[in-house]
Structure formats: structure tokens, C-alpha cells
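The next block holds one structure in the form of C-alpha cells; read it before the comments.
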Amino acid sequence: MTERESMEVDVLYVGAGPANLASAYHLMKQVEIHNEAAEKNGGEAIEPPVILVIEKAAGIGDHQLSGAVINPKAFEELMPDFVEQGFPTEYVCDDAQFIAFTRKHTFKSPICPPMFNKVGYHVASLSNVAKWLGEKCEEVGVEIYPGFAAAEVLLEEDRVVGVRTGDMGIDKNGGEKSTYQPGMDILAKVTVLGEGVRGTLSESVIQKLGLQGEHPQAFKTGIKEIWRVKPEKHKPGRVVHGNLFPDVFKSFDGMWLYDMKDNMVSFGYVTSLAAKNPNNDPHLNAQRFKTVPFMRDLLEGAELVRYGAKCVPMGGLYSQPKLYANGLMLVGDSAGMLNPMRLAGVHLAVKSGMLAAEAIVQAMAHDDFSAVQLGNYAESYKRSWAYEEHRQARNFEASADLSSFFAFANIPVMMVTGGRGLIENLDLHAPYTAMKKIWELPVSERKKEEFEFDGKLTFSKEHLVGFSGTQHEVDQPAHLKVADRNICATACARDYGNPCQNFCPAAVYEMVEDTENPGSKRLFVHHENCVHCKTCDIADPYQIITWTPPEGGEGPDYTLM
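For the sequence shown, the working numbering begins at 17 and goes up steadily by one.
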């Protein structure tokens, strides 16, 4: 048996995203406030806790990607002088627009719909926000270990007692290299999982402990590109949201665009993973959208700077899991903390982290980290503005799941009925269940539309991966686990045409000639291309692909994203 080192901390945060970093900072501040009150009133002080944040990326913020037009509400609560303390704002939105696009025309709405009115919000790079939060955490005594990928939740019966980090120095055949180092067991009184979307540990513990929400989680894949445009086309404070018509009637997809410093713009296109057609391709949808006149004009003579992709949890309130268990809390995207109607989650992630921190302080005061005590987190959440915001959007994604036409009819009704809409608690299905077999589609939709990348405005997946900064050691076990590759070569090829080649935005999956079986193909996984978006784990119709963390420190470098 491998001997592993272990360490003990009071509070362990897995993932250095905005939810966990805000939580760790707030926890230290709340302990200070508690102890000041205890000294004044003769109460019992809390021993300053040992807090550790571990992060799989090589550096804080390296795996953070978001549209990031941020509602400042949560940051104002976390740190009232957050602007004065150097929050990395690019610009503050003063021009919110909604545009209806067609292939040939652009129709700007005279009134921006309320869900897209981001005036006063802070345009930022989430990567830079995480770096800034990390600095603030270290200033108050929080330990942060980047380059440590958590691989397994440690359980004692139904109590989470910590995590085990991944082994390092394993070759592609599973053997130990000269650099081999076994993972470490990190034990904690409470473990807070803020791994982001479809977190490996979060998904595992949700299943093991039965923490599932009332509905399955729904997802979209967001493609993000940063371009440097001509100075005369740069408009600080502009934030644009829009839909492409008539395409939106088939799939409830959309775009964003905002201006950043140094004549840069952030463009994103979000594609539903509940598509019926196996040819659904988030990357291609984003490239095709850039050919509309508005985008062609904006990006004429521009330079591509960055590319990336990330899934977005869209299910809303009814898809959120139970937020706590013995020794465990879930925050941020791991807990589905995103408003699908506004396509905004950073402020909700931060608020969830703050609420978790306040519950931890209570647990420390009682030296009780059971589910009964940690359940104060969920109770506080239900009394918060974050819960009310989710409640107002609770039937959004389910409306789109029923049909885009119904969504367009129901959303206005939701806005005047406190989120109810025409029907309360609509059913929502896991995205992969929507995919139809090729022969179930109309003949005209069975073949993927041809599209030629021009290398100036539109680019192939292989080319764009080079702008994601992604790096993986080739000689290691593939972190993308395919349970039965025979299915890929037989049933999936026959029924769906191997959709992994379509939905992956990084050209990770390729069906190649099988030299051992002439006339047949086999799956080849280019795991070194992976941009950690989690699309494959979600959209695979057979649910045989599992995303796991690669060696700590590997993956994309989402600087500026």
C-alpha cells in the first residue's frame, strides 16, 4: 500500500474560484468580528482557524473564464471599499444593449430588456478577479496551494473528512516515473467544494450522499474569444447581449460582447447542450455567428488574443443540490449558483461563499460540523437576496427546455408573476437525454452543415486551442475516461455519428482508422488539447465519458478571461 503524507486543517476549500476565495476571506473577517464581540461582551473567543485553499491550476485564476459583467452587490457586502482596494474593473457598464441579429441584418432594441440591463455592473476578467481575491486572502492569513488537484473525497461513513490530491509522475500506462509523488490526504473539520461547473468531487459526493436537486442540472457551453480591435471601434462601457434569428427558435442560444482595456473586446457565444441534433457544435456556432455584419465590421482588421470554453450551469433553483452534509458545503457553480435568466453568476457565487463562511463561524463556535449545524448555511441562503434572485428565474431554463417558442411566451409572464410563469415547476431534463438518433431527424438535418474557416475571422478548433494556453503532459494517463470505447466504434457511430467530435470545442475526440480492424474506426483522445470546459462529461449521450483532473498545474491558461 502506498504511504501518503497527510495534513490537518480546520477548513479546506477545494478550488480557488470567486466563491471559495470570497468565503475564505469572509471567514477570517467574521472570526475577527466574533472575537471582538466576545472580548467586549465576555463571550468565548474562537481560535483563529487554519484555512487552506487548494487549486488545480498552476496559478490562481488560470482556469477562470466567464462573461464577467459583474453585479457589484456581493462585493459591496464582502468588502465595502472593494474599488479602493484595487478590484480589477475594466470598465463600468453605461451602455447596455440588446440586439436581434439575422444573417444579414442587425436590429437594436430601443429598450434593453431588464435581464440584460447591466448598467452600473463591473466589466472584468474573472481570471484577474480571482488573482485579486487570492491576494486579499493571503493578506488575512489564508494559505493557498496552487498546482494541487483534488482527486477524491475522503469519507467516514456519511461524513466528509477531507480530500486526497492526485498522484503525480504516473506515465500513460499507469507506471511510476522517476518524478512519482503520491497524493496527499488533507483532513479538515469542514470541506467546502467550490470546484466550478460539474466539479469532479462535487458530482461524486452529490451522488454518494444523495444530495441531488429536485431537477437534473442543465448546461450550456460558452465559447469566449478576446480580440484587439481598431481604436475607433472600441467603446468603453458598452455591453451587448443578443440572439440570432431565426436560429434561436431551434435552440435558445445567445451572445455577449463587451469592451475591455487596451482596445480589447470580449465576445462570447453560448450554446445549449440540450440540442436534439447530434451535430450540435458550440465552437462552430460561435464561428458562424462572427460572420453576421455587426461582427464582421467590429472585427475587421482586429487581432485574436485569447480563446477558451466553459460550461454554464443553467438549471436554476430547482436544480440546485442540497448545499451541505456532515463536514461538507457546496458553493458557487458546484452548487448551481447562477441566474440563468440574466446569465450571471459571479455575484451569486460570492454571496454563497459568504453565507457558507458565516455558517462555519457558527459551527466553530459550537465545535459542531454536523449536517444539523452546517444546515444553517441553507437556511441563511433561503432568507437571502441570492435565493430571491434565483426564485425570480426558477422556471427560465425549463421553459427553454420545453421549446424556444414557449420560452419567448413564458418569460414575460415570469417577470410579472415573481418567476412562476404560465406553469409552476416545469419539468427539466438532463441535456444528453434530448439528443436524437440520426435517423430520427428530418433528412435535411442529418448531415452537418459545411463551413469553411477563413483563418482571419473564423478558425478551426485546432487553431484556436493554441490561443487557450492549454498544456498537458502527454506521458500521463488520459484524464478523460471513456468507459467503453467499443460503444464509440459501434452503437454511437451508428446512432449518433460520434457527436463528441462535434460538441467538444477543442478537437479532443477523433474517430481514426482502426488498423487492427480494416474498414472500422476507433476513438482517439487528444487529451492534451482539453480546455477543461466539461462539455463531453455532460453531452455524451451514453454518459460513458468522465472528466477527471489531470496532474496538478496542467490545463488552460485563461489569463485575461
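Ideal Cβ positions, reconstructed from N, Cα and C, are used throughout, including at glycine.
- Task: List the endpoints of the continuous alpha helix (DSSP H) containing arginine 304.
- Result: In the sequence shown, the residue the question calls residue 304 occupies position 288. Note, arginine 304: alpha helix (DSSP H), 298-305.
- Message: Rounding to the nearest angstrom, what Cα-Cα distance links alanine 234 and asparagine 57 in this structure?
- Response: As a first step, residue 234 must be located in the sequence shown, where it is residue number 218. As a first step, residue 57 must be located in the sequence shown, where it is residue number 41. Answer to the nearest angstrom: the Cα atoms are 48 Å apart.
- Task: With DSSP as the reference, label alanine 53 as helix, strand or coil.
- Result: Numbered from its first residue, the sequence shown carries residue 53 at position 37. If DSSP states are grouped into helix, strand and coil, alanine 53 belongs with the helices.
- Message: Quick check on this structure: which residue in Glu19, Asn295 and Met280 has the alpha carbon closest to the alpha carbon of glutamate 461?
- Response: For this step, residue 461 is matched to residue 445 along the sequence shown. Ranking the options by Cα distance to glutamate 461, first place goes to Asn295.
- Message: Mapping the DSSP letters down to three states, classify lysine 497 as helix, strand or coil.
- Response: Numbered from 1 along the sequence shown, position 481 holds the residue referred to as residue 497. Note: lysine 497 maps to strand in three-state DSSP.
- Message: Closer than 8 Å is the cut-off here; do at least three beta carbon pairs connect the stretch 48-64 with the stretch 337-348?
- Response: no
- Give me whichever residues DSSP pairs with valine 255 in a beta bridge. In the sequence shown, residue 255 corresponds to position 239, counting from 1. According to DSSP, valine 255 bridges with Ala112 and Tyr274.
- With a floor of 3 residues, list each beta strand (DSSP E) that falls wholly inside the stretch 450-505, ordered by position along the chain. 496-498
- Message: So, with DSSP's three-state summary, where would you put tyrosine 397?
- Response: For the purposes of this step, residue 397 is identified with residue 381 of the sequence shown, where counting begins at 1. Here tyrosine 397 carries a helix assignment [DSSP, helix/strand/coil].
- Item | alanine 291 and methionine 527 closer than 8 Å at C-beta | Looking up residue 291 in the sequence shown gives position 275. Looking up residue 527 in the sequence shown gives position 511. Their beta carbons are not under 8 Å apart, which means alanine 291 does not touch methionine 527 by this criterion.
- Item | Nearest residue (CA-CA) to leucine 354, options Pro34, Ile239, Cys546 and Phe268 | Residue 354 sits at position 338 when you count from the first residue of the sequence shown. Out of Pro34, Ile239, Cys546 and Phe268, Pro34 has the C-alpha closest to the C-alpha of leucine 354.
- Task: Helix, strand or coil for isoleucine 202, going by three-state DSSP, please let me know.
- Result: The residue labelled residue 202 in the question sits at position 186 within the sequence shown. Strand.
- Message: If you reduce the DSSP assignment to three classes, tell me which class methionine 330 lands in.
- Response: Here residue 330 refers to the residue found at position 314 when the sequence shown is read from its first residue. Of the three classes helix, strand and coil, the one that applies to methionine 330 here is coil, per DSSP.
- Sequence-distant residues of its chain with Cβ nearer than 8 Å to histidine 121 (five each side left out): As a first step, residue 121 is located in the sequence shown; it is residue number 105 there, counting from the start. Excluding residues within five positions, the ones whose Cβ falls inside 8 Å are Pro309.
- Message: Nearest by alpha-carbon distance to valine 176: which of Gly212, Ile222, Leu142 and Met577 is it?
- Response: For the purposes of this step, residue 176 is identified with residue 160 of the sequence shown, where counting begins at 1. Per the Cα distances, Ile222.
- Under the rule that 16 or more other beta-carbon atoms within 10 Å means buried, what is arginine 119, buried or exposed? Looking up residue 119 in the sequence shown gives position 103. Of the other Cβ atoms in all chains shown, fewer than 16 fall within 10 Å of the Cβ of arginine 119; this residue is therefore exposed.
- Query: Which of the three DSSP states, helix, strand or coil, is assigned to proline 34?
  - Reply: As a first step, residue 34 must be located in the sequence shown, where it is residue number 18. It is helical.
- Query: Quick one: Cα of isoleucine 67 to Cα of alanine 38, how far?
  - Reply: Against the sequence shown, residue 67 aligns to sequence position 51. Against the sequence shown, residue 38 aligns to sequence position 22. One C-alpha to the other measures close to 13 Å.
- Message: So for leucine 244, helix, strand or coil by DSSP?
- Response: Residue numbering aside, residue 244 sits at position 228 when the sequence shown is read from its first letter. Reading the sequence as shown, one finds arginine at residue 244 and not leucine. Of the three classes helix, strand and coil, the one that applies to arginine 244 here is strand, per DSSP.
- Message: Between Asp553, Tyr448 and Gly83, which has its C-alpha nearest threonine 216's C-alpha?
- Response: One-based indexing of the sequence shown puts residue 216 at position 200. Looking at the Cα atoms, Asp553 is the closest of the given residues.
- Message: Which same chain residues end up closer than 7 Å to lysine 249 when comparing Cβ atoms and leaving out the 5 residues on each side of it in sequence?
- Response: Residue 249 sits at position 233 when you count from the first residue of the sequence shown. The residues are Leu314.
- Item | N-terminal and C-terminal residue of the beta strand (DSSP E) that glutamate 413 is part of | In the sequence shown, counting from the first residue as 1, residue 413 sits at position 397. First-last for glutamate 413: 412-418, but that is the alpha helix (DSSP H), not the beta strand (DSSP E).
- Item | lysine 578 - containing alpha helix (DSSP H), residue span | Only positions 17 to 577 of the chain appear in this structure, which leaves residue 578 out of reach.
- lysine 193 lies in the beta strand (DSSP E); which residues open and close that run? Residue mapping note: residue 193 aligns to position 177 of the sequence shown, counting from 1. From DSSP, the beta strand (DSSP E) with lysine 193 extends over 192-197.
- Message: Going by DSSP in three states, phenylalanine 265 sits in which element: helix, strand or coil?
- Response: As a first step, residue 265 must be located in the sequence shown, where it is residue number 249. Residue state, collapsed to three classes: helix.
- Query: At what residues does the alpha helix (DSSP H) containing lysine 89 begin and finish?
  - Reply: Taking the sequence shown and counting its residues from 1, the one referred to as residue 89 is at position 73. Counting along the chain, the unbroken alpha helix (DSSP H) around lysine 89 starts and ends at 89-94.
- Any chance the stretch 260-274 sits against the stretch 425-435, with 3 or more Cβ pairs inside 8 Å? no
- Should lysine 72 be counted as a contact of the ligand NAD given a C-beta to heavy atom distance under 7 Å? Of the ligands one can find in the structure shown there are none, so the ligand NAD has no counterpart to examine.
- Query: Anyone know if the C-beta pair for glycine 258 and phenylalanine 475 falls short of 8 Å?
  - Reply: The residue labelled residue 258 in the question sits at position 242 within the sequence shown. The residue labelled residue 475 in the question sits at position 459 within the sequence shown. No; because the gap between Cβ atoms is not below 8 Å, this pair is not in contact.
- In the structure shown, what three-state DSSP assignment does histidine 138 receive? For the purposes of this step, residue 138 is taken as the residue at position 122 of the sequence shown. DSSP places histidine 138 in strand when its eight states are reduced to three.
- Nearest candidate by alpha-carbon position, reference histidine 231, set Gly212, Glu489 and Gly332: Position 215 of the sequence shown holds residue 231. Of the candidates Gly212, Glu489 and Gly332, the one whose C-alpha sits nearest the C-alpha of histidine 231 is Gly332.
- Span separating the alpha-carbon of serine 288 from that of arginine 20: By 1-based counting over the sequence shown, the position of residue 288 is 272. By 1-based counting over the sequence shown, the position of residue 20 is 4. Each residue's Cα considered, the two are about 42 Å apart.
- Taking C-beta to C-beta, are asparagine 36 and valine 362 nearer than 8 Å? Counting from 1 along the sequence shown, the entry for residue 36 is found at position 20. Counting from 1 along the sequence shown, the entry for residue 362 is found at position 346. Result no, Cβ atoms of asparagine 36 and valine 362 do not sit closer than 8 Å.
- How about the stretch 181-198 and the stretch 147-159: do they share at least three Cβ pairs that are nearer than 8 Å? no
- Task: Could you tell me which uninterrupted beta strand (DSSP E) segments, each at least 3 residues in length, are contained entirely in the stretch 522-577, listed from first to last along the chain?
- Result: 525-529, 537-541 and 561-563
- Task: Please classify glutamine 559: is it buried, with 16 or more other beta-carbons within 10 angstroms of its beta-carbon, or exposed?
- Result: Indexing the sequence shown from 1 puts residue 559 at position 543. By the neighbour-count rule (16 or more Cβ atoms within 10 Å), glutamine 559 is not buried but exposed.
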